[in-house]
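Q: Quick one: this structure, given as structure tokens, is what I'll be asking you about.
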Amino acid sequence: MNQEQDRDMELGAALKRALDPGDNRAFVSRVLTRIDTAPVAPLFWDLLASWARRGVPAAIMIAALTAFLLALPRQPAANLEDTLVGGTDGGASLITSPAPPGTGTVVNTP
Amino acid sequence: MRPPDSQRPPGSLRKQIDKVEADLVRRAMSGDREAFGHIMERYAGSARRLCRAILRDPEDADDAAQDAFLSAWVKLGQYDPRRPLGPWLMRIVANAAKDRRRRREVRRTDELSDSMPSGEAGPDRETDRRMLEEELRNALDELPDRYRAAVVLYDVEGYSHAEIAKIIGVPEGTVRSDVFHARRMLRQAMDDWKEN
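Chains as they are written, first to last, in this note's numbering: chain A, 1 to 110; chain B, 111 to 306.
In structure tokens form, the structure reads like this:
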């Protein structure tokens, strides 16, 4: 149905008169004065919404980052002996050899 | 976009008005306070009536409407100029009125207005008109808050059911139902008054 035809024009006009607020120009001047002078405090729900707009994406990013970090495969901690003492003799050459050990003996480089 | 007080002119004139409003919005968005003043002049009546329908108390209503326009000024950067300004603005207005109602206890007017004559209507048409207005205000006071906002936005301000649904944040079907029930109750009050 056409919306315009659907309206109750008589009731609408009567309500409009009943709710008539009076001088709009004075009202507008008051608002403009407030815009010029008073600091504007945001409405409670607007404030909440603005927090939500920032907070929700931030929370999603933090959650995604946490999930990513938790999902990373964990490498076992390197054994100190494997790292420092190379060779197959388990570091015996360090003790038994009369010559100072070379770098390859001390550090197990691949 | 909607012209002042929703007396929507047809065709090319409406397009012209829309163009003027689009220009005002563009200027206001770039910080032109005077342009915002013109926008307010267009919507002040609708905004104040909606606030009055929600809050009932005229002073509270004007305070809420002022809060709403200040909020709209601050949030103008968030407005999408491709969409109509009216529903966006009226949503802010409705929220401001609800916000004020939440924060402040609504002072319900229990007293019968002094201006309401007692019985003898007289031939004066102006008196009749005032009496009907008073009767309607009293009938509005009896309606649930949501009904009042819905019927005023629909029958007075000319918004569609879908637009009202967005403005007051309820489903479109609920708006249709609210308008229907509100009308029935207000019509009843009008008919009673006419009979008496």
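We put the beta carbon where it would ideally sit given N, CA and C, even for glycine.
1) Kindly provide the ranges of any alpha helix (DSSP H) runs that are 4 or more residues long and lie completely inside the region 251-285 of chain B, ordered along the chain.
2) Report all residues from its chain with a CB closer than 6 Å to the CB of Met226 (chain B); omit the five preceding and five following residues, and keep chain order.
3) Using Cβ-Cβ distances below 9 Å, what residues of the region 23-36 of chain A are close to chain B?
4) Would you please verify whether the beta carbon of Met9 (chain A) is less than 9 Å from any beta carbon of chain B?
5) From Arg294 (chain B) to His148 (chain B), what distance separates their C-alpha atoms?
6) How is Pro73 (chain A) classed by DSSP in three states: helix, strand or coil?
7) Once you ignore the five residues that flank Thr219 (chain B) on each side, which residues in its own chain have a CB closer than 6 Å to its CB?
8) Is it true that the region 294-303 of chain B meets the region 268-283 of chain B, where meeting means three or more beta-carbon pairs spaced less than 8 Å apart?
9) Could you check whether the region 245-264 of chain B touches the region 154-165 of chain B, counting it as contact only if at least three pairs of C-beta atoms, one from each stretch, sit closer than 8 Å?
10) Determine the chain B residues that contact Arg54 (chain A) at a beta-carbon separation under 8 Å, and present them in chain order.
11) Compile a chain-ordered list of the residues in the region 178-192 of chain B whose CB is closer than 9 Å to at least one CB of chain A.
12) Answer with buried or exposed for Leu65 (chain A), where buried requires no fewer than 16 other C-beta atoms within 10 angstroms of its C-beta.
13) Would you mind working out which of B:Lys125, B:Asp133, B:Thr284, B:Asp177 sits nearest Ala206 (chain B), comparing C-alpha positions?
14) With H, G and I counted as helix, E and B as strand and the rest as coil, what does DSSP make of Gly141 (chain B)?
15) Closer than 9 Å by beta-carbon distance: list the chain B residues that pair up with Ala63 (chain A), in chain order.
16) Between which two residues does the alpha helix (DSSP H) harbouring Arg192 (chain B) extend?
17) Tell me whether Pro57 (chain A) sits in a helix, a strand or coil according to DSSP, three-state version.
18) Could you check which residue in B:Asp265, B:Ala145, B:Ser140, B:Tyr269 has the C-alpha nearest to that of Met200 (chain B)?
A: Considering the structure as presented:
1) 255-261, 271-278
2) Any reading at Met226 (chain B) must be qualified, since the residue scores a pLDDT of 43, below 50, and its modelled position is unreliable; the value itself is stated next. Same-chain partners within the cutoff: Glu244.
3) Asn24, Arg25, Phe27, Val28, Ser29, Arg30, Val31, Leu32, Arg34, Ile35, Asp36
4) yes
5) 36 Å
6) coil
7) Note that Thr219 (chain B) scores a pLDDT of 45, beneath 50, so its modelled location is shaky; the value from the coordinates is reported in the next line. Once the five neighbours on either side are set aside, Thr219 (chain B) has no close Cβ partner at all.
8) no
9) yes
10) Result: empty, since nearest Cβ-Cβ is about 14 Å, beyond 8 Å.
11) Ala178, Phe179, Leu180, Ser181, Trp183, Val184, Lys185
12) exposed
13) B:Asp177
14) coil
15) In chain order: nothing, as chain B lies at least about 26 Å away.
16) No alpha helix (DSSP H) holds Arg192 (chain B); DSSP gives it neither H nor E.
17) helix
18) B:Tyr269
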